[in-house]
Structures are given as C-alpha cells and as structure tokens.
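Numbering (this note's numbering), first residue to last: 2 to 334.
Cβ coordinates follow ideal geometry from the N, Cα and C atoms, glycine included.
Worksheet: one structure, shown below.
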Amino acid sequence: MPVAAKEIRLAERPRGWPTDETFAFAEVELPAPGPGEVLVRNTFMSVDPYMRGRMNDVKSYTPPYELGKALEGGAIGEVVESGVDGVSPGELVLHGLGWRSHTLTKQFTRLTPIEGVSPSHFLGALGMPALTAYVGLLDIAALKPGETVFVSGAAGAVGSLAGQIAKLKGAGRVIGSAGSADKVAHLTGKLGFDAAFNYRDGNVTELLTAAAPDGIDVYFDNVGGDHLEAAIWAMNDYGRVAACGSISGYNEEKRPPGPRNMFQVVTKRLTVRGFIILDHGDRFRAMIDEVGAWLAGGELVAEETFVDGLENAPAAFLGMLRGENTGKMVVRL
Ligand code: NDP
2 MPVAAKEIRL
12 AERPRGWPTD
22 ETFAFAEVEL
32 PAPGPGEVLV
42 RNTFMSVDPY
52 MRGRMNDVKS
62 YTPPYELGKA
72 LEGGAIGEVV
82 ESGVDGVSPG
92 ELVLHGLGWR
102 SHTLTKQFTR
112 LTPIEGVSPS
122 HFLGALGMPA
132 LTAYVGLLDI
142 AALKPGETVF
152 VSGAAGAVGS
162 LAGQIAKLKG
172 AGRVIGSAGS
182 ADKVAHLTGK
192 LGFDAAFNYR
202 DGNVTELLTA
212 AAPDGIDVYF
222 DNVGGDHLEA
232 AIWAMNDYGR
242 VAACGSISGY
252 NEEKRPPGPR
262 NMFQVVTKRL
272 TVRGFIILDH
282 GDRFRAMIDE
292 VGAWLAGGEL
302 VAEETFVDGL
312 ENAPAAFLGM
322 LRGENTGKMV
332 VRL
C-alpha cells in the first residue's frame, strides 16, 4: 500500500552556521516495496557533525548532499512491508536514509534487538560513533596501558566513548575537555575521567597543562584548532594524535589558523594520523563484542540526548553543533 512520507530536504547550502532556511519539509508518496526492497518506518535518526560538511559543495570522502533532495544519515526503523524473502514486517533495521519518516531501501542491515538496550544505541554506543572511538584510540593512536590520554569533545558521542574505552583499556590517566561546567562534572563523575576542564574557561594550552602536569601520550582530536595546538604543546616524546575531527572550524566561514607549533611534531617525534571510519568496517565485529560486553556489564555509560519529532530534526542538528547534547544526539520519531 502507498504510504504518505515526510522528508527534510536541503533547501540551500549554508555559509557559516545553518539556519531554518537551510532545510525544507516535503511530503512524498512511497509505493509498495519492489523485489529486494523494504519499506521502513523510521523510529530513530542520527544527527552527526559530518552532515555539516556534506552541505557544502566541495569534494570530500563522501559526496555533497544534493540541493532540493532529502538529506541522508544513519537511521533505525521497523520494516512495514517487505519485498525481501525472509525479512518480515516488524523487523528492526539500520540504514542510511534518515531525515524522513519512512523510506524505501535495498541497503539495510538487519538488527537483533538486545533486551534492555534501546535500539537507538545502534546509532551511538553500538554504532558508528563507537567504532570511531574504538578504532581511533586502539588502532590509529595505538594506546598502551599506563599512558596519559587527552580527549577533546569529551562529553559528545565519540569523545565520551573514547575516554571510557581508554580507561577500560588501562590508560594511566584520562583527561577530557568540554564546553560547560555540567559536562565537566559529568566527565569526572559518571564517566570516570581522571580530570576534565571547560575549554571556555581560558587558554586551552594553560588548562590542559594544568590538568596534565606530566604531559600526554595520546590525543584523540575531535575539535582541532586551539585544542590541537594545546595537545602538541603537552605531548610527550613519541606521542600520537588520532585526528578524528575538527568541529571548531566546521561552521566558520573563515577557517581558523592551524596549530602554530607544528615544529614540535618534529622535535618530539610525534605521529599525527587522520582516519575516516568508513575505511574500518573490518573492526566492527571486534568493537561490538568488546563494547557490547562493557555496556551489558555496566562498565561503560552510553548517554543519549533525545529530541522528539522529525520536524525538530534541524533543531537537533544545530543543537548538536552548539553543544546541547551530552552523549549521542538522537532524534526520536
Ligand atoms: P558530538 O556528540 O561530540 O557533538 C558535537 C560536540 O562538539 C558538541 O556537543 C560540542 O560540545 C562540541 N563542539 C561544538 N563546537 C565546538 C568548538 N568550537 N570547540 C569545541 N567543541 C565544540 O559529535 P560526534 O561525537 O558525533 O563527533 C565528534 C567529532 O568526531 C567531530 O569532529 C566529528 O566530525 C568527528 N567524527 C569523525 C569520524 C571519522 O571517521 N573521522 C566519524 C565520526 C565523527 P561542547 O559542549 O563540549 O562544546
């Protein structure tokens, strides 16, 4: 049976911060699924920083969103009607066509619900952000037990998991930075970080040096800019940077200057290594086994911030970019 679906489209490419004019709401009629397709009613959708990059018309590791077309992103939903043998209505699936109430798709992953665990975690602590934290820390930065780790954006989806995984993997000291006093208290309280600071309280290099008097060995960089410069100052010899993101610059029309102390990469023999998680799908199974066990055993806290309603997805996206989330920002449909 045809379904009236709602979707959110890219109305114009933002310069600087996205605004209400960036998004347009539309209704479309979806036909019954053809062979190999499923019709899905979305129940949770993800808003992620990379989506801001895809709004720009520039060449990157994923193509830009098309003007006038529906946005895309990770989503969880229930199969309403199936054109795939063996897939039944009611099944839970993960796919890449969020920003809409329903979708028709051939590309989806069947999910096995976990008792007591919200399916929304497949967008966070059991999904792409968790894999990013896991691979960035363990493979890219090659964390060793006893080392001191600094994580920026530490109260967000990736950062909160990176810090906790560091502790679980035997880091000696884990330091986090975030943008409010409440988030700092959350890091050192519920999430078990050894130290944390609010980067809005002053010069990041001074704040980090005070929190890490013996220097740092690993920096998990979600923020770039002043945080990366501070981390390079604080690095011990042979330190490693997992260059994951640079959110301090995503909405700036004029990109902030890069770190002024790059020569320390030479003198301290540092490794700065960027990565894109799409290249690391082979580590998904290992991540799910390990992180899933920590989650089930209560050793890892997976915080989520929910915003309700597809109509509020743009506000959720902007709120995430501004720091309104603790843990993973998820839109509940
Ligand atoms: P988060 O859940 O961390 O949300 C974004 C957070 O960024 C906000 O909550 C806000 O927290 C912080 N922030 C916003 N502006 C600034 C700023 N100017 N300076 C410092 N912090 C800021 O998002 P994710 O966990 O999904 O993503 C974190 C990072 O990881 C991003 O840079 C993202 O691009 C990157 N990433 C990279 C991947 C890869 O494959 N390399 C994959 C997934 C994510 P606060 O209140 O603390 O300011």
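Secondary structure of ALA213 (DSSP, three-state): coil.
Annotated three-state conformation of ALA182 is helix, per DSSP. In the DSSP assignment, LEU322 falls outside any beta strand (DSSP E) and lies within the alpha helix (DSSP H) extending over 314–323. Excluding sequence positions up to five before and after MET321, its CB lies within less than 6 Å of the CB of VAL48, MET330, all in the same chain and listed in chain order.
Assignment of beta-bridge partners to MET46 by DSSP yields ALA76, VAL332.
Counting along the chain, PHE26 sits inside the beta strand (DSSP E) bounded by residues 24–31. Under the three-state reduction of DSSP output, LEU192 falls in the coil class, being neither helix nor strand. When the alpha-carbon of GLU28 is set against those of LEU11, ALA5, PHE45, the nearest one is in ALA5. For LEU132, there is no enclosing beta strand (DSSP E); the residue is found in the alpha helix (DSSP H) stretching over 129–136. Here the C-alpha atom of PHE307 lies approximately 6 Å from the C-alpha atom of ARG333. The shortest CA-to-CA distance from ARG241 to any of TYR62, THR272, LEU279 is the one to THR272. Distance from ALA243 to ALA142 at the Cβ level is roughly 4 Å; contact confirmed, criterion being Cβ atoms closer than 8 Å. Between the alpha carbons of THR106 and VAL88 lies a distance of about 13 Å. Within the same chain, and ignoring the five residues on either side of THR206 in sequence, the residues whose Cβ sits closer than 6 Å to its Cβ are ALA231, TRP234.
Relative to the ligand NDP, ALA243 has its C-beta separated by 6 Å or more from all heavy atoms.
For PRO130, the CB falls within less than 6 Å of some heavy atom of the ligand NDP. For the region 216–262, the continuous beta strand (DSSP E) assignments of 3+ residues that do not extend past its boundaries occur at 217–222, 236–244, in sequence order. Taking C-beta atoms under 8 Å as the contact rule, SER61 and GLY69 fail to qualify, at a distance of about 20 Å.
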